[in-house]
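Numbering-wise, the sequence shown is residues 1 to 506 according to the UniProt record's numbering. Report on the structure given below.
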Amino acid sequence: MFVYRNKNLPPDPEYPVELKKLGYFITEKDLIRQTANPEAEYKYKINRNDRFNIKHREAMNEAVRGIVLPRLEDAGLKTLRLPHRDGNPPRDSFPTEAHVPILISPNLSKTPRILVVFGEPIQDLGIWSHRTINRDGINIGSAVDFTKAVLGEGKGKVATDGSGNRTDVALILANTGQLLWHCATSRAITTSTWLANPRPAGNYDQAKMSYRNMIPGNKDWREHVAYVFEKVLWKSLGPSTRVDIIGMSEGGLGAINYLTEHWEKWRPYISAMCLADPLQSTNIDLNMAKLADSTSFPAFMSSRCRAYIVSQDEADKPQIGYRHHGCKCYSSGETQNSEGILPRAWPHMLAWLDILYRDRGYAEVEVMGADVDEVLQRAKEGLSCKAEREEPEEPKEDLIVEKGVNLKLASEDDDSKDRSVSPETQAEDVRQDKTVKSDDTKEIVQNEVAGVKGGSPKDMVDPSVREILDAMNAAFELSDDGYFGDVEEMGSFSHKRETSSETDTL
Numbered sequence: 001m002f003v004y005r006n007k008n009l010p011p012d013p014e015y016p017v018e019l020k021k022l023g024y025f026i027t028e029k030d031l032i033r034q035t036a037n038p039e040a041e042y043k044y045k046i047n048r049n050d051r052f053n054i055k056h057r058e059a060m061n062e063a064v065r066g067i068v069l070p071r072l073e074d075a076g077l078k079t080l081r082l083p084h085r086d087g088n089p090p091r092d093s094f095p096t097e098a099h100v101p102i103l104i105s106p107n108l109s110k111t112p113r114i115l116v117v118f119g120e121p122i123q124d125l126g127i128w129s130h131r132t133i134n135r136d137g138i139n140i141g142s143a144v145d146f147t148k149a150v151l152g153e154g155k156g157k158v159a160t161d162g163s164g165n166r167t168d169v170a171l172i173l174a175n176t177g178q179l180l181w182h183c184a185t186s187r188a189i190t191t192s193t194w195l196a197n198p199r200p201a202g203n204y205d206q207a208k209m210s211y212r213n214m215i216p217g218n219k220d221w222r223e224h225v226a227y228v229f230e231k232v233l234w235k236s237l238g239p240s241t242r243v244d245i246i247g248m249s250e251g252g253l254g255a256i257n258y259l260t261e262h263w264e265k266w267r268p269y270i271s272a273m274c275l276a277d278p279l280q281s282t283n284i285d286l287n288m289a290k291l292a293d294s295t296s297f298p299a300f301m302s303s304r305c306r307a308y309i310v311s312q313d314e315a316d317k318p319q320i321g322y323r324h325h326g327c328k329c330y331s332s333g334e335t336q337n338s339e340g341i342l343p344r345a346w347p348h349m350l351a352w353l354d355i356l357y358r359d360r361g362y363a364e365v366e367v368m369g370a371d372v373d374e375v376l377q378r379a380k381e382g383l384s385c386k387a388e389r390e391e392p393e394e395p396k397e398d399l400i401v402e403k404g405v406n407l408k409l410a411s412e413d414d415d416s417k418d419r420s421v422s423p424e425t426q427a428e429d430v431r432q433d434k435t436v437k438s439d440d441t442k443e444i445v446q447n448e449v450a451g452v453k454g455g456s457p458k459d460m461v462d463p464s465v466r467e468i469l470d471a472m473n474a475a476f477e478l479s480d481d482g483y484f485g486d487v488e489e490m491g492s493f494s495h496k497r498e499t500s501s502e503t504d505t506l
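As structure tokens, this is what we get:
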């Protein structure tokens, strides 16, 4: 039988773990660029064989990790190896034992405020996004700038130690990505690094995983989140310690799932939460029937939690998503990739977390209605929003039709006035109204007069809005509950509101 030996097979490609040898350098603006073309960014596809691309990318990522971790240590963080091993007192894992590293600040057990960050399961420790590192800079795409903002030299009366580091806040960078133990190199790695591990030959499959590759108490990102809460955070809490949470994708979902089950234990300590690319669902992860209870976790999510999502709008602008995620959503400033949300949105997150830390009674304002598209919301209420939609900057008069009975003419210069029920009086008032200046508003008034003289209510509304109303009516006829049928079960969106108007609860 003829058999190929490994030496006769195509070798597994190898690349040096140095930027210079890979053909890259770091610019004065902390950007990684090609040596041959200083304007060009990192190039992923260097070969038609994707194995070469994977190995080359891993060599690049390893070089970046070797740059980021020393910078984080210089910013004031140190490595803690989990899990804790049996002993008196319990000790950290040895470097040769299966462990997952996390980064913490030395003042963890001495500060009244702790900020914990749970990242994505696909990223390395201390790195938000390799894509952002290659595009915008090393400190921006990693946690370096973030750590300096949290632990760096304080302003005003913020207490600092001799090195300039803040002493009133501690930081924990959890590690939801590197949860596979590689026995050959004695280190924790991500799934992408596992796929790039050396093979006997280029055409071999990846190595099989076994129990030896599992880290005790941290087998997946859910277990790791729970371990950080129970074994790291809980032991560092004082009677008045407050905890802020930032979660990215699965990291945020893991924190929500854990707190849902242990909310009574953690409720006195959790101050606020910010999410990047939220994954929780009100139909699965949150029991919105408890929203009316101000001490429940859904009420906390509704009033003291924010989520930042991919959007074309400018950063920190309110977005639709409350009904699905159970918290108010805002644009992050990232328009394409969810992994780029945190590098762009963390300044807004920290500013908001500071406000909630200073004011424990602060709560998010109540969202309007069912948190649906504004056009559909106004169409359901029978409102015409053509003038506002076409010229939002100039105040225009708008015709408001309330259930086809009374007509109101709303103006910024003149308060809304109820017209007489008599059709002749309504028509006369419209003809004598001298505040109508725009052509669009004149067209609306003409439609009103036509309706008074014998036209149907449909003639009173602009044709574009009429199409929306017809589509809404057709949608409501398809279901007994209608498009907004499940909103009433959710009740009020803020536990601090005593009653809810008919418009809010639909």
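Beta carbons: idealized from backbone N, C-alpha and C, even for Gly. Note that the structure is a prediction, hence the values are computed from the model and not measured.
Contact under 8 Å by Cβ, residue i with residue j
i: R113; j: Y357; result: yes
i: I104; j: L80; result: yes
i: P298; j: G340; result: no
i: G66; j: G119; result: no
i: I245; j: I284; result: no
i: E364; j: S303; result: yes
i: L179; j: K219; result: yes
i: I140; j: T132; result: yes
C-alpha gap between residue i and residue j, whole angstroms
i: M349; j: A289; result: 28 Å
i: K148; j: K21; result: 30 Å
i: N107; j: Y42; result: 38 Å
i: V68; j: S142; result: 7 Å
i: P343; j: K45; result: 25 Å
i: E62; j: C274; result: 29 Å
i: G254; j: N8; result: 47 Å
i: L72; j: V17; result: 20 Å
i: V243; j: V169; result: 10 Å
i: L353; j: G361; result: 13 Å
i: S93; j: T241; result: 27 Å
i: R267; j: D30; result: 41 Å
i: E58; j: S192; result: 8 Å
i: N287; j: A272; result: 19 Å
i: V116; j: N6; result: 47 Å
i: K235; j: R199; result: 42 Å
i: K208; j: G126; result: 27 Å
i: F25; j: D136; result: 14 Å
i: R212; j: Q336; result: 38 Å
i: Q206; j: C183; result: 15 Å
Contacts around residue i, its chain only, beta-carbon distance under 8 Å, and the 5 residues preceding and following it disregarded
i: P11; result: A201, G202
i: K55; result: D12, P13, E14, Y15, A196
i: A36; result: G23
Residue(s) in a DSSP beta bridge with residue i
i: L103; result: T79, L173
i: S331; result: I309
i: L115; result: L171, D244
i: A276; result: M248, Y308
i: W181; result: A188
i: I32; result: I26
i: P318; result: Y330
Supposed close pair residue i, residue j - CB separation, criterion 8 Å
i: L173; j: A75; result: About 11 Å; that fails the 8 Å criterion.
i: A351; j: S332; result: A351 to S332, Cβ: 14 Å. No contact.
i: T190; j: D124; result: 6 Å
i: H224; j: N175; result: 7 Å
i: W221; j: G251; result: 7 Å
i: A226; j: Y204; result: Not quite, the Cβ-Cβ distance comes to about 36 Å (not below 8 Å), so this is no contact.
i: I138; j: W181; result: No, I138 and W181 are not in contact; Cβ-Cβ is about 27 Å, not under 8 Å.
Beta-carbon proximity list for residue i, same chain, < 6 Å, skipping 5 on both sides
i: R187; result: none
i: L376; result: Low per-residue confidence applies at L376: pLDDT is 40, beneath 50, and the placement is therefore not dependable, though the value from the model is reported in the following sentence. Nothing meets the Cβ criterion.
i: G247; result: F118, A255, L275
i: C329; result: A307, I309, Q319, G321
i: S311; result: Q319, S331
Beta-carbon proximity list for residue i, same chain, < 7 Å, skipping 5 on both sides
i: R51; result: P13, G202
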